[in-house]
Ligand code: FE2
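Numbering (my numbering), first residue to last: 91 to 397.
So, in structure tokens, the structure goes:
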């Protein structure tokens, strides 16, 4: 993978238990709530596109977030047969189910519940992502994280991160699984220099609160997938993405599990990153900076030069 932007996977220290929270004095408000669009991709996999084209500039460096979740095999059995990527990274986070990955760079891995696959397409890979089950629940997320122009043609890279290798922070009524970035002194499984992505999976007990410092210039959003969270004055129910305002002077976000009454907790993804502020040119699975580079990607794919 990448090469110039990748941090060598390092041995991660054990989870820090009960570390002191960092106070957030001026929390961000919710700028808007977004309801994902039901769609299908691959060979007929039904999913919800939470973040897509019209928010790529606003949420730079994030290009896409898909949520998938179904107990019906027909919704996922088709999987994602061989397809190309160039110019960015895909991060797949499984909650339930098993998916096998194979790519043209010779990587193969099995995604299991709670695991993450981080793949840098760089100059190009052709890969498949196929379910390794014929029944039962399949649930998870795929995030697309952009690469800076200088790293778009870097070598492909790939890492399977087992559930036990994802560091966790435990606070009062809150557990944060730290997929990328840092929270409360816990370094995540992956760090990236150019975009400094933060990717947390947060589990809340009823009434619990969580604070995360965030640089004001970093774009950030929350996707609630169980229960209800309160962010300032805004209640964010399951299935909604809250785009967080980049207010000058703000220093973080405060999330409170609002599921009062039913005794249920909440679960949500918190994502943030430093914008690249570079042109975005996308054609399907290719994300470059210019149309010429997109034409080149299509040409390279057709000519068998992508893999
Ligand atoms: Fe893919």
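In this text, a Cβ means the ideal position worked out from N, Cα and C, and glycines have one as well.
With 16 other Cβ atoms within 10 Å as the buried cut-off, status of residue i
i           : result
residue 176 : buried
residue 278 : buried
residue 179 : buried
residue 309 : buried
residue 130 : exposed
residue 312 : buried
residue 127 : exposed
residue 125 : exposed
residue 89  : The question about residue 89 has no answer here: the residues shown for the chain are numbered 91 through 397.
residue 207 : buried
residue 210 : buried
residue 382 : exposed
residue 396 : buried
residue 369 : exposed
residue 113 : exposed
residue 172 : exposed
residue 273 : buried
residue 353 : exposed
residue 392 : exposed
Residue i CB to nearest heavy atom of the ligand FE2 below 8 Å
i           : result
residue 170 : yes
residue 375 : yes
residue 197 : no
residue 180 : yes
residue 219 : yes
residue 293 : no
residue 381 : no
residue 173 : yes
Extent of the continuous beta strand (DSSP E) run through residue i
i           : result
residue 156 : 152-160
residue 171 : 170-175
residue 190 : 189-193
residue 125 : 120-125
residue 243 : Careful: residue 243 lies outside any beta strand (DSSP E) and carries neither H nor E.
residue 309 : 309-316
residue 337 : Looking at the DSSP string, residue 337 is not in any beta strand (DSSP E), and its letter there is neither H nor E.
residue 261 : 258-261
residue 289 : 288-294
residue 144 : No beta strand (DSSP E) contains residue 144, which DSSP labels as neither H nor E.
residue 166 : Unbroken run through residue 166: none, as it is neither H nor E.
residue 265 : 264-270
residue 218 : 215-221
residue 199 : 198-201
residue 369 : First-last for residue 369: undefined, no H or E at that position.
residue 358 : 356-363
residue 302 : 299-303
residue 324 : 324-327
residue 207 : 206-210
residue 181 : 178-186
residue 398 : Beyond the ends of the chain as shown, which are 91 and 397, falls residue 398; an answer cannot be given.
residue 280 : From DSSP, residue 280 is part of no beta strand (DSSP E); its letter is neither H nor E.
Limits of the unbroken alpha helix (DSSP H) element including residue i
i           : result
residue 381 : 381-392
Anticipated Cβ contact below 8 Å, residue i with residue j, distance rounded
i           : j           : result
residue 268 : residue 253 : So it is not a contact: roughly 13 Å between Cβ atoms.
residue 302 : residue 360 : 6 Å
residue 138 : residue 157 : 5 Å
residue 297 : residue 286 : With 8 Å as the limit, residue 297 and residue 286 do not qualify as a contact, their Cβ atoms being about 31 Å apart.
residue 186 : residue 335 : Not a contact, Cβ separation roughly 33 Å.
residue 243 : residue 160 : About 36 Å; that fails the 8 Å criterion.
residue 358 : residue 319 : 6 Å
residue 191 : residue 201 : 7 Å
residue 314 : residue 333 : The pair is not a contact, with the Cβ atoms about 13 Å apart (cut-off 8 Å).
Member of the options whose CA lies at the smallest distance from the CA of residue i
i           : options            : result
residue 307 : 215, 337, 284, 224 : 337
residue 239 : 395, 389, 384      : 384
residue 322 : 330, 345, 160      : 345
residue 219 : 357, 326, 174, 242 : 174
residue 371 : 288, 150, 202, 392 : 150
residue 155 : 366, 172, 296, 331 : 331
residue 152 : 357, 288, 393, 228 : 288
residue 375 : 115, 116, 142      : 142
residue 300 : 199, 325, 329, 343 : 343
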